[in-house]
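Student: Before I ask anything, here is the structure I am working with.
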Amino acid sequence: MILILPASAAPPAPAPPDEPMSVWFNRPARSFHESAVVGNGRLGGMDFGGIGRERIVLNESSMWSGGPYDGNNYEAAKSLPEIRQRLFARDINRAQELIDRSLRYADGIKGWNDEDQFGTYQILADLILTTGAEEKVASPTGNDQGDGKTIEGSHDGDPGTKWCVQDPGRTVAWQADLASPREVRSYSLTSADDMPERDPRDWVLEGSNDGKAWTLLDHRTLDAPFAKRFEARTFEIAHPGAYRSYRFTFTPTPGVSHFQVAEIALAGVTLGGDADAVAADDYRRDLNLMTGVVTTRYTRDGVTYTRELVASKPDEVIAIRLKASRPGALTFRAALSRGRNATVQASRHAQILEGQLPFHRPGGGGEGIRYCAVLGARADGGTVTARQEGLEVRGANEVVLVVSAGTNLLDDDHFAGRVISRLHALGKPFDALRDAAAADHRRYMERCQLTLPAGPNATLPTPERVKRNEEAPDPSLAAVYFQYGRYLMVAGSRPDSPLPTNLQGIWAEEYSPPWRGDFHTNINLQMNYWPAEVANLSDCHAPLFRFLEGMAREGAKTAKAYYGAPGWMAFHTQNPWFETAPSFAPACIGPTCGAWLVQHVWTHYEFSQDREFLRTYYPLMKGAAEFCLAALVEEPEHRWLVTAPSNSPENAYAYADGNGKTHHTALCVGSTYDMQIIRGLFAATAAAARVLGTDSDFAAKLDAAGARLAPTRVNSAGRIMEWLEDFEETEVHHRHCSHLWGLYPGTEISPNTPELYRGARLSLERRGDASTGWSMAWKANFWARLRDGDRAGKLLSMLIGRGAGNLMCLHPPFQIDGNFGGSAAVAEMLIQSHDGTITLLPALPAAWRDGRAAGLRARGDVTASFAWEDGKVTSYKLTSPTPHDVKLRVNGEVRTERAEAP
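Structure, rendered in structure tokens:
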């Protein structure tokens, strides 16, 4: 919807929803950063809550381009002895040359560098609901989809998003078609977040009333890019007129690979959500985290409209109900749309969208994933007509829309028929469909509850609370953030989900999200599952364990190719086909991504005490440990066992070569990160073997090797050393704190190791607080382990306050790991059990002085519920399916308590 607005227009402030665990808005979304997110573990949606034009981004977790291939370089292991020799001789330059030639894909493989070979996660489709004449913004030069950052980003009111066009050609055009002619006297362009050379430098603006005859309104040529990022510059039009269409034609800077702009605005014309917000009264859109239902309600021209949306696991659909207070008031078009690799057709009362995604198989002949999506409708009163362009609804009192989708990634050739058959959900009353979905969702969410004090902004819409979070304490928002992280796990990772959550969870509006939306395993995938056990969503951990099985199969090939070793290992980027080969050396020189990730098996056992589970997945732990045993070598100075080559993701250090020249490199021997991870793996695997009564000799071998690993040490300043030598880091405030893995999620740094415990604190002080979203989440967990509740609370407030209005974590851009890491940090402030003792309120921020928690989990298959006042526990209850005694620390006192049957 595009409307002219008075300058003072502002949306009204409705009352907040009754459910405190809600994310809510008083205006339609200007971008997906303000959308309401839903999911059933496979199907996902982002509800923008529009009025004249409603957009719901649809996702399906297996929508990936690319396909399977073997990218390993089987000649690489031949170079390993010389690489190690050079490293131990401190000939870093020569070692790096050898690594550049060997630690890479096989010849002819592009892998991660080709989004259609390695693959990229991507949007399934948009579901667009429009009323009246459809007004639109498009690119006449065909650049609507950009490089995945689409033209929508140029007029969503959010400078944090952008329109970015790769290989733009001679011109890039942007055109807005209005419902009626409007006079525009000025316009503004806003520079994007990076790469100033991509800014607009040369353009013309034209106006037209028929789309054929165009009048030149303005022509600009700038001498330089915009001075700042996110800078909005306004340009006057000397001779304005009233036109229905406005068209910019940009000439990209020669020799620059991309063209990009964050916002294009026409004075007096509002594009997108702002217009909708003013066009309606009493607008409220709320996502109930406990039920998973989104409700949008507003009044327009005396008619109250209500829209409910839910992602149903029982029916495997996304269902929407639209109601109006006046009979016959619902007239609109609902349509699935996708800008790439798609065809649409009408069938009875349904629209079907299907296609095949590209796969650049090495050597040719790739068969990409096929997909199908279907949209159906049922109306009370009025009519529904299916056309290729969408479903036309006229004069209805109430309408139910149902969407389902699927791919053939893990299904057979009949998947499309099963997708279409899910339209049977239209035969159910919407109340029954919604209530079944909500009950299924609620059974996960109600396992764990948290109440914290309400701050002064607790009744404001969520985006306003986010903006003010760092300045004014808002503990109850931290409780919402905790539940939002749990909500995202339930919505994105059910026990039967085909894949674990990726960097985007399962939510993406692009055709190529940042970092391909892949599975990064040098911290990010791990962080996605940090809250699974402690936040009582243990069964949502299951997709990760199945994914590990595939990684181990592919990782065995990688272990052989690069190390000539048994067992399995993984470098840091995975896709749905479990690729483990190296994609980007500075981030993955070290061999321990798999060694870290597989420790989730042991963590799950510690919390669940499920021996059959451990028996099933113990071979994965053993395989990772076998690889590490074979890959370790003795360094010559101390005779410690180390990894070589190694790195400390994703930092670098300075060193001087034989000529005294300073260089910077990530390449090293035995990084603290590697050593801590392998020490943790050896201890966990040996413990698992003893629990299962197997492999006693192997467990003893792990114990012996673990004792010889290079230890975690402090330098002369008392800080934890990141490398085997006390190098100076290239980035003091680097986002990764890899050398503190042993503090969290590891357990080797604790009050029982006072020198290291103090060294971890000093290291964190040096790194600083402000960083990327996920990094601040990690730091909040670090400070919780250091028993500093106020510092942990500060990091959590920064994480929330610098995130999106809908609570999505911003790296930036959006990256979901920080949401999960933040949720885990809240739990870590309230309960810890990693040291053999269950501690209640180990790191309580002062602002959280009173509260209640129910359903938090502790190791030993214990569930804890407790309340506190003035920072002191006033009541508690511990339960376990198998009653047993536990050590409990409460209000500073350690005692033995009985965890009774529930």
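Numbering (my numbering), first residue to last: 467 to 1368.
Cβ coordinates follow ideal geometry from the N, Cα and C atoms, glycine included.
Source: prediction; values computed, not measured.
1. Could you pull the DSSP bridge partners for S1112 from this structure?
2. Does the pairing of the stretch 939-957 with the stretch 1284-1292 give three or more beta-carbon distances under 8 angstroms?
3. Looking at the structure shown, is I617 part of a helix, part of a strand, or coil, going by DSSP?
4. Specify whether the stretch 1083-1093 and the stretch 601-615 touch according to this definition: at least 3 beta carbon pairs, one from each stretch, less than 8 angstroms apart.
5. When DSSP labels each residue in this structure, what does M1187 get in the three-state scheme?
6. Sorted by chain position, which residues of the same chain lie with C-beta nearer than 8 angstroms to M1141's C-beta, five sequence neighbours on each side aside?
7. Please classify A741 as buried or exposed, where buried requires at least 16 neighbouring CB atoms within 10 angstroms.
8. How many Å lie between E1103 and A1118 at the Cα?
9. Would you say the stretch 797-810 touches the stretch 818-828, given that touching needs at least three Cβ pairs under 8 angstroms?
10. Compute the beta-carbon to beta-carbon distance between K789 and T761, rounded to the nearest angstrom, for a pair I have assumed lies under 8 angstroms.
11. Is the beta carbon of G677 less than 9 angstroms from the beta carbon of D643?
12. For a quick check, are the C-beta atoms of V603 and I589 less than 9 angstroms apart?
13. What are the boundary residues of the beta strand (DSSP E) that K602 is part of?
14. When DSSP labels each residue in this structure, what does P1143 get in the three-state scheme?
15. In whole angstroms, what is the alpha-carbon distance linking M993 and T1138?
16. Straight-line CA distance for Q1281 to P922?
17. Just to confirm, are V489 and L1273 a CB contact at a threshold of 9 angstroms?
18. Report yes if the CB atom of E999 is closer than 9 angstroms to the CB atom of E1072, and no otherwise.
19. Pick out whichever of D1076, G1021, A693, Y764 has its Cα sitting closest to the Cα of A1090.
20. From this set, D689, L671, R913, N1357, which residue's C-alpha is nearest D1001's C-alpha?
21. Give every residue of the same chain whose Cβ lies closer than 6 angstroms to the Cβ of S438, excluding the five residues on either side of it in the sequence, and list them in chain order.
22. Rounded to a whole number of angstroms, what is the C-alpha to C-alpha distance between E930 and W1314?
23. Go ahead and pull the three-state DSSP assignment for C1006.
24. Which residue or residues does DSSP assign as beta-bridge partners of E1194?
25. Which one of A1319, Y1028, D846, A902 has the shortest CA to CA distance from A795?
26. State the CB to CB distance for the pair I784 and G511, rounded to an integer number of angstroms; the pair is presumed to be in contact (CB under 8 angstroms).
27. In chain order, what residues of the same chain have a beta carbon less than 6 angstroms from the beta carbon of E1294, not counting five sequence neighbours either side?
28. Just how far apart, CA to CA, sit T928 and G1271?
29. Pick helix, strand or coil for Q1298, following the three-state DSSP scheme.
30. Are D878 and G585 closer than 9 angstroms when you measure CB to CB?
31. What span of residues does the beta strand (DSSP E) with F725 cover, start to end?
32. Measure the C-alpha to C-alpha separation of T1362 and Y535 and round it to an integer number of angstroms.
33. Quick check on DSSP: helix, strand or coil for H1205?
34. Just to confirm before moving on: does the CB-CB distance between A1243 and L1230 stay below 9 angstroms?
35. Assuming contact is defined by CB atoms lying nearer than 9 angstroms, are L753 and D566 in contact in what I supplied?
36. Helix, strand or coil for K1353? Go by DSSP, reduced to three states.
Tutor: In brief:
1. C1134
2. Because the criterion of three Cβ pairs below 8 angstroms is met, the stretch 939-957 and the stretch 1284-1292 touch.
3. Of the three classes helix, strand and coil, the one that applies to I617 here is helix, per DSSP.
4. no
5. coil
6. Excluding sequence positions up to five before and after M1141, its CB lies within less than 8 angstroms of the CB of V1108, T1109, L1175, A1176, P1177, T1178, all in the same chain and listed in chain order.
7. Reliability of the predicted coordinates at A741 is poor, the pLDDT of 46 falling under 50, and no value is obtained from them.
8. 22 angstroms
9. yes
10. Contact flag wrong, Cβ pair sits at about 11 angstroms.
11. yes
12. No, they are not a contact pair.
13. 602-604
14. According to the sequence displayed, residue 1143 carries Ile and not Pro. Looking at I1143 - three-state DSSP - the assignment turns out to be helix.
15. 19 angstroms
16. 29 angstroms
17. yes
18. yes
19. G1021
20. Checking the sequence shown, residue 1001 turns out to be Ala, not Asp. Ranking the options by Cα distance to A1001, first place goes to R913.
21. Outside the displayed range of the chain (467 to 1368) lies residue 438, so it cannot be described from this structure.
22. Their backbone Cα atoms lie some 21 angstroms apart in a straight line.
23. helix
24. A1120
25. Selected option, being the one with the closest Cα: D846.
26. That belief holds up - the Cβ atoms of I784 and G511 are roughly 5 angstroms apart, short of 8 angstroms.
27. N1247, A1250
28. 6 angstroms
29. strand
30. Cβ atoms of D878 and G585: not closer than 9 angstroms.
31. 724-727
32. 55 angstroms
33. helix
34. In this structure, A1243 lies away from L1230, with their beta-carbon atoms at least 9 angstroms apart.
35. No, the pair does not count as a contact, with Cβ atoms beyond the cut-off.
36. strand
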